[in-house]
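S.K.: First the structure, then my questions, so here it is.
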Amino acid sequence: MRYGGIDIGSRSIKFVVVDEGGRIVQHLQTDTGFDPLAEADKLLRAAAYDRIMATGYGRTLFETSFNVPTVTEIKAHARGARALFPHARTVLDIGGQDSKAIALFENGKVKKFEMNDRCAAGTGKFLEIMARTLGFDIADFGTEALLGEKDLNISSMCTVFAESEVTSLIAKGQNRREIARGLHASVVRRAVSMIHRVSSEGDVVFTGGVAKNPCIQALLEEKLRRRIRTPPDPQLTGALGAALLVGE
Amino acid sequence: MGGARRSRILLTGVPVGLGSDKVVRIVEQSGADVVAFENCSGYKQAFFVDEETDPLEALAAQYLATPCSVMTPNTGRFDLVKEMIREFSVDGVIDLTWQACHTYNIEAFLVEESVRETYGIPTLHLETDYAQSDTEQLRVRIEAFLEMV
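Sequence lines, in order, name chains A and B.
Counting with our numbering, you get residues 1 to 248 for the letters of the first sequence.
Counting with our numbering, you get residues 1 to 149 for the letters of the second sequence.
Now the structure itself:
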């Protein structure tokens, strides 16, 4: 029996297939683009599975078209994080356009959650836009930022205003890498305040695409002063959770 | 969920009415029912005035006792919420705050704590306005909350 979980995110679609033991046997990913259903359909045709569950912001669209059960990304990320770290009590997920902090009971069920999905601040979108403004590739943005020796404080919370602020800093001749580090610190500040609203101690499992960024990882651990546990493919956590929940 | 009974939700916090009922509608669309309204437009308004004393004084005393978050301490609200949870067999509480009705925003922490300590059921605190633009953001929070209940 193979269980599939599809996470239709705002930026990318992730698909994970697990076997009955909960081990990942296949995983695929593609950009969401402007036609999420067509992109999701391509992924499904390339995979082998018996049953499927959908999560992510595009799950309702998927549910109506493909007649599959759905689960919110909160429950999916909680389940996925638990599978990867069996004693996880706090999960931080930073995706393309939203971020969330989830506190779990000892048995793994969701206890409390906080979300930011109303603006791009503190999300992958913020980093994408800033990388472009500074002339970095998003894949290297974190590594470059880590080379900056100090945090240049970016006072604007809003992505649009922060971009203007960055342009001013560039015009003043400030170091690109230090600006980058300051921008990463800005994302981390928002994440830390969200985490504090759901839990005050214990390790934090870091999921979502932004978890791949080494500068965010480092600054998060430094500012939060709690251990950050990041799985090897953090962006797959939601889809993994959905796949595991089908069978349960 | 299929076949399971619909969760019973209590709504506390700010008033809702025609045109400002999006949260109630989303809860119902997501497969649960708001069975009790403790909020400002609900049961909070029902009270008994002391008929034995001077009427004006009795009315004044009752107005001062209104369990709205602008008054502090507001223990009357927590008592009413807890009483209604019991009377209406409530599974979960949604605490709604309109933006700028900030006293409710601040009290939300105490509501959640009080409900959790007494009944062990979860509370979802939402802050929004009358616009329809954040309907989907509210929906994902409400759906996630109903998965917890």
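Beta carbons are placed, not taken as given, at the ideal position from N, Cα and C, and that holds for glycine.
Taking buried to mean at least 16 other C-beta atoms within 10 Å of its own C-beta, is A:Asp35 buried or exposed?
M.R.: exposed
S.K.: Please state whether DSSP places A:Ile52 in a helix, a strand or coil.
M.R.: strand
S.K.: For B:Met1, count the other beta carbons within 10 Å of its own beta carbon; 16 or more makes it buried, fewer makes it exposed. Which is it?
M.R.: With a pLDDT of only 44 at B:Met1, under the threshold of 50, the placement of this residue in the model should not be trusted, and no figure is reported.
S.K.: Just to make sure I have the definition right: I need the residues of chain A whose C-beta is within less than 9 Å of the C-beta of B:Gln137. Which are they?
M.R.: Here the neighbours are Asp98, Met115, Asp117 and Arg118.
S.K.: Note down, in chain order, each residue of its chain lying with its Cβ closer than 7 Å to the Cβ of B:Asp17, except the 5 sequence neighbours on either side.
M.R.: It is worth fixing the name first, because residue 17 of chain B is Gly in this sequence and not Asp. Ser41.
S.K.: Please state the DSSP three-state secondary structure of B:Gly2.
M.R.: For B:Gly2, the pLDDT reaches just 48, beneath the cut-off of 50, and the residue's location in the model is therefore unreliable, leaving the point undetermined.
S.K.: Just the Cα atoms here: how many angstroms apart are A:Ile170 and A:Gly135?
M.R.: 11 Å
S.K.: Nearest to A:Gln97 by CA position, among A:Arg79, A:Glu128 and A:Phe62, is which residue?
M.R.: A:Glu128
S.K.: List, in chain order, every chain A residue whose beta-carbon is nearer than 9 Å to that of B:Met148.
M.R.: For B:Met148, the neighbours in chain A by C-beta distance under 9 Å run, in chain order, Ile74, Lys75, Lys109, Val110, Lys111, Lys112 and Phe113.
S.K.: Along the stretch 118-142 of chain B, where does the CB come closer than 8 Å to a CB of chain A? Name the residues.
M.R.: Pro122, Asp134, Glu136, Gln137, Val140 and Arg141
S.K.: Output needed for A:Ile228: all residues of its chain with C-beta closer than 7 Å, excluding positions within five of it in sequence on either side, in chain order.
M.R.: Val204, Phe206, Gln217, Leu220 and Glu221
S.K.: Using the three-state DSSP reduction, which class does A:Ser186 fall into: helix, strand or coil?
M.R.: helix
S.K.: Cα-Cα, which of A:Val192, A:Thr90 and A:Thr30 is closest to A:Ile6?
M.R.: A:Thr30
S.K.: What does A:Val205 reach in chain B if we use C-beta pairs closer than 7 Å?
M.R.: What A:Val205 touches in chain B: nothing, since even the nearest Cβ is about 17 Å away.
S.K.: Look at A:Leu240 and A:Val16 and say whether their C-beta atoms are less than 8 Å apart.
M.R.: yes
S.K.: If A:Phe113 sits next to A:Ala121, beta carbons under 8 Å apart, how far is it from one beta carbon to the other, in whole angstroms?
M.R.: Contact flag wrong, Cβ pair sits at about 18 Å.
S.K.: Any Cβ of chain B within less than 8 Å of the Cβ of A:Val71?
M.R.: yes
S.K.: Near A:Ile52, what residues of its chain come up, given a Cβ to Cβ distance below 6 Å and the 5 sequence neighbours on each side ignored?
M.R.: Gly4 and Val68
S.K.: Note the first and the last residue of the continuous beta strand (DSSP E) segment covering A:Ser168.
M.R.: That residue, A:Ser168, is in no beta strand (DSSP E); its alpha helix (DSSP H) goes Thr159 to Ala171.
S.K.: Note down, in chain order, each residue of its chain lying with its Cβ closer than 6 Å to the Cβ of B:Asp21, except the 5 sequence neighbours on either side.
M.R.: Excluding sequence neighbours, B:Asp21 sits near nothing in its chain.
S.K.: Quick check on DSSP: helix, strand or coil for A:Phe105?
M.R.: In the three-state reduction of the DSSP assignment, A:Phe105 falls in the coil class, being assigned neither a helical nor a strand state.
S.K.: For the stretch 131-146 of chain A against the stretch 83-99 of chain A, are there 3 or more C-beta pairs whose distance is under 8 Å?
M.R.: no
S.K.: When you compare the CB positions of B:Leu10 and B:Met71, do they come within less than 8 Å of one another, or not?
M.R.: Contact flag unset, no.
S.K.: Assign B:Ala36 to one of three DSSP states: helix, strand, or coil.
M.R.: strand
S.K.: Find out if the Cβ-Cβ distance for the pair B:Ala58, B:Val49 is shorter than 8 Å.
M.R.: yes
S.K.: In the DSSP assignment, what residue or residues form a beta bridge with A:Tyr3?
M.R.: A:Val18 and A:Arg51
S.K.: If you count every other CB in all the chains shown that lies within 10 Å of the CB of B:Thr75, and 16 or more means buried, which is it?
M.R.: Around the CB of B:Thr75, fewer than 16 other CB atoms lie within 10 Å, so the residue is classed as exposed.
S.K.: Classify A:Thr237 as helix, strand or coil using the three-state DSSP reduction.
M.R.: helix
S.K.: Give every residue of the same chain whose Cβ lies closer than 6 Å to the Cβ of A:Thr70, excluding the five residues on either side of it in the sequence, and list them in chain order.
M.R.: Ala54, Arg59 and Glu63
S.K.: Closer than 7 Å by C-beta to A:Val188: which residues in its own chain qualify, once you throw out the five before and the five after it? Chain order, please.
M.R.: Ile216, Leu219, Leu220 and Lys223
S.K.: By Cβ distance, which residues of its chain are closer than 8 Å to A:Ala48, with the 5 residues on each side in sequence left out?
M.R.: Arg2, Val17 and Gln26
S.K.: To the nearest angstrom, how far is the alpha carbon of B:Ser69 from that of B:Gly13?
M.R.: 8 Å
S.K.: Is there a Cβ from chain A that is less than 8 Å from the Cβ of B:Ala144?
M.R.: yes
S.K.: Thinking A:Leu236 and A:Lys42 are a contact (beta carbons under 8 Å), I'd like their distance in whole angstroms, please.
M.R.: Not confirmed; about 17 Å, so no contact.
S.K.: For A:Thr30, which beta-bridge partners are listed by DSSP?
M.R.: A:Ile13
S.K.: Let's test the definition: count the other Cβ atoms within 10 Å of the Cβ of A:His184 and tell me whether it reaches 16, buried, or not, exposed.
M.R.: buried
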